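Whatever position you read off the sequence shown (first residue = 1), add 4 for the working numbering. Working notes, structure below.
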Amino acid sequence: MNLAESSRLSRLVHNLSFIYGKMLLHPSYRYVLFILGLPINLVVFLIWRSNRKNDGWVAARQTAEQELLASSYRNKLKLEVEEQLRRKHRFFQQQVSEEEFRRQTEEWLEETVQKELKERTSRILQEQGSQRLTMADTFHTLIDKPWFLAISIIPGCLMYGILFLYGNPYLKYIFERILMTVFVILGVATLVFTILYLSPFNPAANILGETATQEQIAAFNQVYGLDQPYLTQLWNNIKGVALFDLGKSFAGNEDVTATIARKFPITLTLAVISLLLALVIALPIGIISAIKPNSWFDYTFMFIALIGLSIPNFWQGLIFILNFSIKLQWLPATFNPQNWLSIIMPTIVLGTGLTAAVARMTRSSTLEVIHEDYVMTARAKGLSERQVMLKHAVRNALIPIVTVVGLQFGAMLGGAAVTEKVFNISGLGSYIVDKQFIPDIPSIMGGVIYTAITISIINVAVDLLYAFIDPRVRSKMKQY
Numbered sequence: 005m006n007l008a009e010s011s012r013l014s015r016l017v018h019n020l021s022f023i024y025g026k027m028l029l030h031p032s033y034r035y036v037l038f039i040l041g042l043p044i045n046l047v048v049f050l051i052w053r054s055n056r057k058n059d060g061w062v063a064a065r066q067t068a069e070q071e072l073l074a075s076s077y078r079n080k081l082k083l084e085v086e087e088q089l090r091r092k093h094r095f096f097q098q099q100v101s102e103e104e105f106r107r108q109t110e111e112w113l114e115e116t117v118q119k120e121l122k123e124r125t126s127r128i129l130q131e132q133g134s135q136r137l138t139m140a141d142t143f144h145t146l147i148d149k150p151w152f153l154a155i156s157i158i159p160g161c162l163m164y165g166i167l168f169l170y171g172n173p174y175l176k177y178i179f180e181r182i183l184m185t186v187f188v189i190l191g192v193a194t195l196v197f198t199i200l201y202l203s204p205f206n207p208a209a210n211i212l213g214e215t216a217t218q219e220q221i222a223a224f225n226q227v228y229g230l231d232q233p234y235l236t237q238l239w240n241n242i243k244g245v246a247l248f249d250l251g252k253s254f255a256g257n258e259d260v261t262a263t264i265a266r267k268f269p270i271t272l273t274l275a276v277i278s279l280l281l282a283l284v285i286a287l288p289i290g291i292i293s294a295i296k297p298n299s300w301f302d303y304t305f306m307f308i309a310l311i312g313l314s315i316p317n318f319w320q321g322l323i324f325i326l327n328f329s330i331k332l333q334w335l336p337a338t339f340n341p342q343n344w345l346s347i348i349m350p351t352i353v354l355g356t357g358l359t360a361a362v363a364r365m366t367r368s369s370t371l372e373v374i375h376e377d378y379v380m381t382a383r384a385k386g387l388s389e390r391q392v393m394l395k396h397a398v399r400n401a402l403i404p405i406v407t408v409v410g411l412q413f414g415a416m417l418g419g420a421a422v423t424e425k426v427f428n429i430s431g432l433g434s435y436i437v438d439k440q441f442i443p444d445i446p447s448i449m450g451g452v453i454y455t456a457i458t459i460s461i462i463n464v465a466v467d468l469l470y471a472f473i474d475p476r477v478r479s480k481m482k483q484y
């Protein structure tokens, strides 16, 4: 091994031991570290417990105890504690028995003495040029030996993986957001299924009709597992979501996963095109309105934005169909995948509310930023107005705008059902609406859960955009 390879290995070992010690201080990651590296941690723990007896802590503690006894520290402290307790009881007008007073005194006294004892012991060790041996120190000593690193790679591969993940702030940030997303999906799945389970609608009776006999209803419930207990049905549905196998729908006996895979891209495409259209229109309008506040441009477009926020989607869609399809015959009234003109009206209707919200947020956020000191400093340095706005003002105004875009995109996916119904689009939104009155539990669960997964992914992307936009966020990520 040459010098360069030896240096890289030394840095790797140092980083691993540093991250190991840092993870031991983290309440949540500590248990993850122990579980993933259980064989390695058992060896480290046993060696640490064995070496700890000779680290000088016991002798230093005995010295500290003798100092406390010689100085009558405990007796003096007891008098102070008793006086403070009496003052406390008098102030709050509390009446306590003598036995309770002694108990409180002893608890407070013992806690204070142990704290002082620990501080004196650490100070004595520090004066001796030593410190108490920790598990992280033991791990550092062991991993510094090439043979230990070699034999621990296979049994500790998961542990080293989590150490690498924890050591990279960006990967750690993404991992934590994904983990939070998993819990959100589980919560959404449980909530949706519980609401459907408690629903007064009877799927068997709704599908089989009023003429169905009790035997037919019982057979239907047995086939689809509706006669099983609540927890069993919940577990089967959550397992189906996790394995992308939601079984057959109650109505039509179609494969739910395949149906959602066929319908969801239409809804997602509609939402993405509406989002892009909204950003292209709203961002320039908001920025210009902020640069020229209280001008005719500002008043006009903010008034239009207010109207856009107030218009219901279904009403706007019907007006568009009446004028552009029936009266002018420019655009088709219903959606047709073979005709790109048919997507124009749905995207405008779906994106109107987002355009208005982003335009207003862009204006208010930019207007707030352009009066900050650093923007005035940039102007004083002689930068052009365009450079000041693009490099300093707009970049720092983007965080609340990105937040609004992320939230509104989720609302667009959830609210696409109305637009899809108006324009006869066979997307996921209209699919869920059609199935909810049965209720077709597998179909609704699949539609809602996979929509929630998409929204969660968008939120993770928004969180990462924060770090890309604002260096302060990147700095906090590295310190965390």
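Heads up, the beta-carbon is just placed ideally off N, CA and C, and yes, glycines get one too. It should be emphasised that the depicted structure is a prediction, and the values quoted were computed from it without experimental measurement.
Which residues in the same chain as residue i place their Cβ atom closer than 7 Å to its Cβ, once the five residues preceding and following it in sequence are excluded?
i	result
F301	I292 and S293
Y228	F254
Q220	L212
F143	S21, Y24 and V48
S369	A401, P404 and I405
F268	L432 and Y454
G312	T356, G357, T359 and A360
G171	N19 and I23
V392	V379, A382 and R383
A282	G355, L358, T359 and V362
E115	none
K176	L169 and Y170
Confirm, please, whether the CB-CB distance from residue j to residue i is below 9 Å.
i	j	result
W319	F328	no
F305	L358	no
P43	P150	no
V373	A397	yes
A208	F224	yes
Y409	V464	It is Val, not Tyr, that sits at residue 409 in the sequence shown. No, Cβ-Cβ distance for V409 and V464 is not below 9 Å.
T261	L354	no
M139	G41	no
L287	V362	yes
I189	A456	yes
R65	L146	no
M27	I166	yes
T366	I289	yes
M449	F197	yes
W112	V85	yes
Taking 9 Å as the CB-CB cut-off, is residue i touching chain D?
i	result
L274	Judged by its chain identifiers, the structure shown contains no chain D, having just a single protein chain.
Per DSSP, what kind of secondary structure is residue i in: helix, strand or coil?
i	result
D141	helix
K267	helix
K425	helix
D249	coil
D467	helix
T455	helix
G160	coil
E214	coil
S299	coil
Y24	helix
K243	helix
S134	coil
H18	helix
P446	helix
P207	helix
Y234	helix
G229	coil
Q220	helix
If I follow the unbroken alpha helix (DSSP H) through residue i, where does it start and stop?
i	result
T4	Any property of residue 4 remains undetermined from this structure, which presents the chain solely from 5 to 484.
K82	Y77 to F95
A74	W61 to A74
E258	Note, E258: premise wrong, no alpha helix (DSSP H); not H, not E.
G433	L432 to Q440
R106	E102 to E131
A315	According to the sequence displayed, residue 315 carries Ile and not Ala. Premise fails: I315 is in no alpha helix (DSSP H) and is neither H nor E.
L29	Segment: none, L29 is in no alpha helix (DSSP H) and carries neither H nor E.
P43	L42 to R56
Using a Cβ-Cβ cutoff of less than 8 Å, which residues in the same chain neighbour residue i once the five nearest sequence positions on both sides are dropped?
i	result
V117	L72, Y77, R78 and L81
D231	A222 and N225
Y435	T263, I264, K267, S447 and G451
F152	L146
Measuring only from the beta carbon, is residue i closer than 8 Å to any heavy atom that is part of the ligand ZN?
i	result
F307	What this structure holds is no ligand at all, so the ligand ZN is not there to describe.
Taking 6 Å as the limit between beta carbons, can you name the residues of its chain near residue i, skipping five residues before and five after?
i	result
V437	A421
Item checked: Runs of beta strand (DSSP E) wholly within the segment 326-411 (minimum 3 residues, chain order) -> Listed in chain order, nothing qualifies, since the segment 326-411 has no complete beta strand (DSSP E) run of 3 or more residues.
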